[in-house]
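Q:
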Amino acid sequence: MGFDKFGRKSFTGVTKTAKFVDLLAEGKIEGTVCKQCGAKYFPPRSDCAACLSKDMEWFEMPKKGTLETFTIAYYAPFGFEKDCPYTMGVADFSDNLKLFARLAGDIKPEDVKVGMNVSIRPLKYDDGQMSFEITKA
Amino acid sequence: MAKEVAIIGVGQSSFVRGYEGSIRELAFEAFREAMQDAGIANKDVDASIFCSAPEYDKQRSPAGVLAEYLGLIPQPTFYIETVCSSSSSGVKVGYSMIKAGLHDVVVVLGFQKMSEITSAESQERMGRGADIQWEAPFGTMMPAYYALYAQAYMAKNGLTHDDLMNVRVKSGTYGQTNDRAVFRKGVKPADFDPKNPDARMAAAVAWPLRVGDACANADGSSCIILANAEKAKAFSKKPVWILGIGAASEAVNMAARPDFAKGLSVGYGAAKQAYNMAGITAKDVKVAEVHDCFTIAEIMAYEGLGFAPMGDGKQLIREKTTYKEGRIPVNVDGGLLSKGHPIGATGGSQMRTIVLQLRGEAGPMQVPGDPDIGLVHNVGGVGLYGNVTIFGR
Ligand SMILES: [Zn+2]
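Those protein sequences? They're chains F and W, same order as listed. Take the first sequence: its position 7, counted from the start at 1, is 7 in my numbering, and no numbers get skipped. Take the second sequence: its position 393, counted from the start at 1, is 530 in my numbering, and no numbers get skipped.
Structural data, given as structure tokens:
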């Protein structure tokens, strides 16, 4: 799939990391790891800034993390208005790996707390767009 | 403290909603004031640097167009961009050109006509403010990003919504005295009270941030005229010297950011460089302008600049330490929250305020005690770029 399939609405269609969307369709949320120096990246990158290698492979993101922070958006940019309000946050998996995403719609805003245990899962929208979301652990 | 590059002229347009003129005419307002302040003629200017955030510009490559309108051709001109800190970056580049001996006098002009584009276009651009590949697809915008910092910071450091409100109350106190500010009304706690049907500032934008926690868009321009020591002494009775400059950058993606509860890393990084270069510490600063695009940003800036220990910024607002009469007055021109935030013009406007303060010419905004060292903290994006500049007489 092209990268235009990524997210609620994609802003760019072409990247060497477009396989990320195919992996989402297979139920996997993956970052990239440098085969030369072992640096791990999420979101995935096709090039390693640590050692300038282009030799990268995919690895599956951990599932257990904590919610480092979050916000509830009551206004949205163009194209996202119908989703309001929605919660977005940063999940921390330690090992220098974090992930930014929306929180699953079934989590009530008042139940969201900094430091709560969270997990992540792929998400397919009705229009076929692929994404991922943060869920309650 | 080397006195090698000085500011010899400052100017700023009024910051307004919907400027009644073109970007050239807007740029002219700040330029004219700065040139008259410096008392120099166009032929005395050796180069010009123009600064804005291009997503709001219809005009492609505005530097050449504006240089012609201001009468600064055939001298060299070019364009610098770091979003909200563009004009601080422009001053850094101008400083470098003068220090390198390339030019004697350089004009740095920041401008933004945010009303140049329609509100629909503006709403579309809002969604592309940060990482368009990995974050914009979730529906992000500026208030949400700063809200991520606010949420983590409040949870860890005991900062309250009332503390944030009190940053805005302080801003309103001084915005009333700034004849260039877009928002010139005082702010009172009732404006933030959700039980008050007339509360203008209580509605959530991106929780925990409310309408009153955010600055407003504005159209505006600012102009800073830099000169080497020889020209500064020849042209200016009251040159204000650039003593220190620091600049830093950070990952655009939130997933690559360090601890959110610790604030913006670029604030710390840029401050350290600037203090080292100037050979001073935070205690030496007598008046400061910090980048309060959101109330939380001012609290985080206190800590990055060393005005308060990490996690303790709330004390400065609780104890009114950053009011005019306090130990370290901050944003006594109303800051971005009251002046408005015309992206490319903001850094130059902050510098103008500090220059006027150090010259004792800030009028009703003047801080007492004849301040001799001032500081400007100007952030681009959500802590994507950080700039700190230190000034002295
Ligand atoms: Zn590597």
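Glycine residues also receive a C-beta, built at the ideal position from the N, C-alpha and C atoms.
Residues of the segment 412 to 435 of chain W with a CB closer than 7 angstroms to any CB of chain F: list them in chain order, please.
A: Along the segment 412 to 435 of chain W, none of the residues has a CB nearer than 7 angstroms to a CB of chain F.
Q: Return the first residue and the last residue of the alpha helix (DSSP H) that R121(F) is part of.
A: The residue given as residue 121(F) occupies position 121 in the first sequence. Careful: R121(F) lies outside any alpha helix (DSSP H), inside the beta strand (DSSP E) at N117 to K124.
Q: Compute the Euclidean distance between the alpha carbons of M214(W) and I186(W), then round it to the nearest angstrom.
A: On the second sequence, residue 214(W) is found 77 positions in, with the first residue counted as 1. On the second sequence, residue 186(W) is found 49 positions in, with the first residue counted as 1. The sequence given here has Thr at residue 214(W), not Met. Roughly 6 angstroms separates the two Cα atoms.
Q: For the 8 angstroms Cβ check, are there 3 or more pairs between the segment 94 to 109 of chain F and the segment 400 to 418 of chain W?
A: For the pair of segments examined, the segment 94 to 109 of chain F was found not to touch the segment 400 to 418 of chain W: the number of CB pairs separated by less than 8 angstroms stays below three.
Q: Buried or exposed: where does C84(F) fall if 16 or more other Cβ atoms within 10 Å of its Cβ makes it buried?
A: To locate residue 84(F), count along the first sequence from 1; it is residue 84. Under a 10 Å Cβ-count criterion, C84(F) is classified as exposed, with fewer than 16 other Cβ atoms of the shown protein chains found around its own Cβ.
Q: Return the CA-CA distance between A292(W) and T458(W), expressed in angstroms with no decimal places.
A: Mapped onto the second sequence, residue 292(W) falls at position 155. Mapped onto the second sequence, residue 458(W) falls at position 321. In a straight line, the C-alpha of A292(W) is about 23 angstroms away from that of T458(W).
Q: Starting from H298(W), trace the alpha helix (DSSP H) in both directions and tell me its first and last residue.
A: Within the second sequence, numbered from 1, the residue matching residue 298(W) stands at position 161. It spans H298 to G312 - the alpha helix (DSSP H) in which H298(W) sits, taken as one unbroken run.
Q: Strictly below 8 angstroms CB to CB, what residues from chain F border L101(W)?
A: Outside the displayed range of chain W (138 to 530) lies residue 101(W), so it cannot be described from this structure.
Q: Beta strand (DSSP E) containing Y86(F): first to last residue?
A: Residue 86(F) sits at position 86 when you count from the first residue of the first sequence. Looking at the DSSP string, the run of the beta strand (DSSP E) that includes Y86(F) is Y86 to D92.
Q: Sort out for me which residues DSSP pairs Q149(W) with in a bridge.
A: On the second sequence, position 12 is the one that residue 149(W) refers to. Its beta-bridge partners are S359(W).
Q: Any idea what DSSP makes of M391(W), helix, strand or coil?
A: Here the question's residue 391(W) lines up with position 254 in the second sequence. Helix at M391(W).
Q: Quickly, what does DSSP pair R347(W) with across the bridge? List them, please.
A: In the second sequence, counting from the first residue as 1, residue 347(W) sits at position 210. Beta-bridge pairing links R347(W) to A341(W).
Q: Please report whether the beta-carbon of R45(F) lies at a distance below 7 angstroms from any beta-carbon of chain W.
A: On the first sequence, position 45 is the one that residue 45(F) refers to. Put simply, the CB of R45(F) is far from chain W, with every gap to its CB atoms at 7 angstroms or more.
Q: Assuming the contact rule is C-beta atoms closer than 8 angstroms, T314(W) and G323(W) should be a hit. Round their C-beta distance to whole Å, please.
A: Along the second sequence, read from residue 1 onward, the residue named residue 314(W) stands at position 177. Along the second sequence, read from residue 1 onward, the residue named residue 323(W) stands at position 186. Not confirmed; about 10 angstroms, so no contact.
Q: Output, in chain order, the set of chain W residues within a Cβ distance shorter than 8 angstroms of A101(F).
A: Position 101 of the first sequence holds residue 101(F). What A101(F) touches in chain W: F275.
Q: In chain F, which residues lie with their C-beta within 8 angstroms of the C-beta of F329(W)?
A: For the purposes of this step, residue 329(W) is identified with residue 192 of the second sequence, where counting begins at 1. What F329(W) touches in chain F: nothing, since even the nearest Cβ is about 16 angstroms away.
Q: Show which residues of chain W have a CB atom less than 7 angstroms away from the CB atom of S94(F).
A: The count along the first sequence starts at 1 and reaches residue 94(F) at position 94. Simply none; closest approach about 12 angstroms.
Q: For N390(W), return the contacting residues in chain F, with the cut-off set at a CB-CB distance below 8 angstroms.
A: Along the second sequence, one-based indexing puts residue 390(W) at 253. Those within 8 angstroms of N390(W) in chain F are P43 and F100.
Q: Can you name, in chain order, every residue of its own chain whose Cβ lies under 7 angstroms from the Cβ of R317(W), other than the five neighbours on each side?
A: Indexing the second sequence from 1 puts residue 317(W) at position 180. Within the same chain, R317(W) has close Cβ partners Q149, S151, F152 and K476.
Q: According to DSSP, is A257(W) part of a helix, a strand, or is it coil?
A: As a working mapping, residue 257(W) is identified with position 120 in the second sequence. Helix at A257(W).
Q: Give a yes or no on whether 7 angstroms exceeds the smallest Cβ distance from S119(F) to chain W.
A: Along the first sequence, read from residue 1 onward, the residue named residue 119(F) stands at position 119. Closer than 7 angstroms: no.
Q: In whole angstroms, give me the CA-to-CA distance for I465(W) and A351(W).
A: Counted from its first residue, the second sequence places residue 465(W) at position 328. Counted from its first residue, the second sequence places residue 351(W) at position 214. Cα to Cα, the separation comes out at about 23 angstroms.
Q: Compute the minimum distance between the beta carbon of S53(F) and the heavy atoms of ligand 1, and state whether it is under 6 angstroms.
A: Mapped onto the first sequence, residue 53(F) falls at position 53. Correct: S53(F) has its Cβ closer than 6 angstroms to ligand 1.
Q: So what does W378(W) bridge to, in DSSP terms?
A: As a first step, residue 378(W) must be located in the second sequence, where it is residue number 241. DSSP lists A143(W) and G529(W) as partners of W378(W).
Q: Compute the Euclidean distance between the alpha carbons of P376(W) and G472(W), then round it to the nearest angstrom.
A: For the purposes of this step, residue 376(W) is taken as residue 239 along the second sequence, with counting starting at 1. For the purposes of this step, residue 472(W) is taken as residue 335 along the second sequence, with counting starting at 1. Their Cα atoms are separated by approximately 24 angstroms.
Q: With 7 angstroms as the threshold, decide whether the Cβ of Y75(F) is near any Cβ in chain W.
A: Reading the first sequence from its first residue, position 75 is the one you call residue 75(F). With 7 angstroms as the cut-off, Y75(F) counts as an interface residue toward chain W.
Q: Tell me which residues share the same chain as C188(W) and place their Cβ nearer than 6 angstroms to its Cβ, disregarding the 5 neighbours each side in the sequence.
A: Position 51 of the second sequence, counted from the first residue, corresponds to residue 188(W). Same-chain partners within the cutoff: I217, S223, S224, G227, G247 and G481.
Q: Does the distance between the C-beta of Q36(F) and the nearest non-hydrogen atom of ligand 1 fall short of 6 angstroms?
A: Locating residue 36(F) in the first sequence gives position 36, where the first residue counts as 1. At least one heavy atom of ligand 1 is nearer than 6 angstroms to the Cβ of Q36(F), so yes.
Q: For G393(W), verify whether its CB is less than 6 angstroms away from any heavy atom of ligand 1.
A: By 1-based counting over the second sequence, the position of residue 393(W) is 256. First, the residue type needs correcting, since residue 393(W) is Ala and not Gly in the sequence shown. A distance criterion of 6 angstroms places the beta-carbon of A393(W) beyond contact range of ligand 1, judged by its closest non-hydrogen atom.
Q: Could you name the residues of chain F that A289(W) contacts, counting a contact when the two beta carbons are closer than 9 angstroms?
A: Against the second sequence, residue 289(W) aligns to sequence position 152. Result: E68, T69, F70, V90 and V114.
Q: Does I269(W) get closer than 7 angstroms to chain F when you measure Cβ to Cβ?
A: Indexing the second sequence from 1 puts residue 269(W) at position 132. It does; some Cβ of chain F falls within 7 angstroms.
Q: Using a C-beta cutoff of 7 angstroms, does G264(W) count as contacting chain C?
A: The question asks about chain C, but that chain is absent: this structure's protein chains are F and W.
Q: Is the segment 252 to 270 of chain W touching the segment 489 to 496 of chain W in the sense that three or more CB pairs, one from each, lie closer than 8 angstroms?
A: Fewer than three Cβ pairs drawn from the segment 489 to 496 of chain W and the segment 252 to 270 of chain W lie within less than 8 angstroms of each other, which leaves the two stretches out of contact.
Q: Would you say the beta carbon of C352(W) comes nearer than 6 angstroms to a heavy atom of ligand 1?
A: Along the second sequence, read from residue 1 onward, the residue named residue 352(W) stands at position 215. Taking the Cβ of C352(W) as the reference point, every heavy atom of ligand 1 lies at 6 angstroms or farther away.
Q: Leaving aside the five residues before and after M447(W) along the sequence, list all residues of the same chain whose C-beta is less than 8 angstroms from its C-beta, in chain order.
A: The sequence position of residue 447(W) within the second sequence is 310, counting from 1. Excluding sequence neighbours, M447(W) sits near K399, G400 and E440.
Q: Identify which residue in M251(W), A343(W), V220(W) and E170(W) has its Cα closest to the Cα of I433(W).
A: The residue labelled residue 433(W) in the question sits at position 296 within the second sequence. Nearest C-alpha to I433(W): A343(W).
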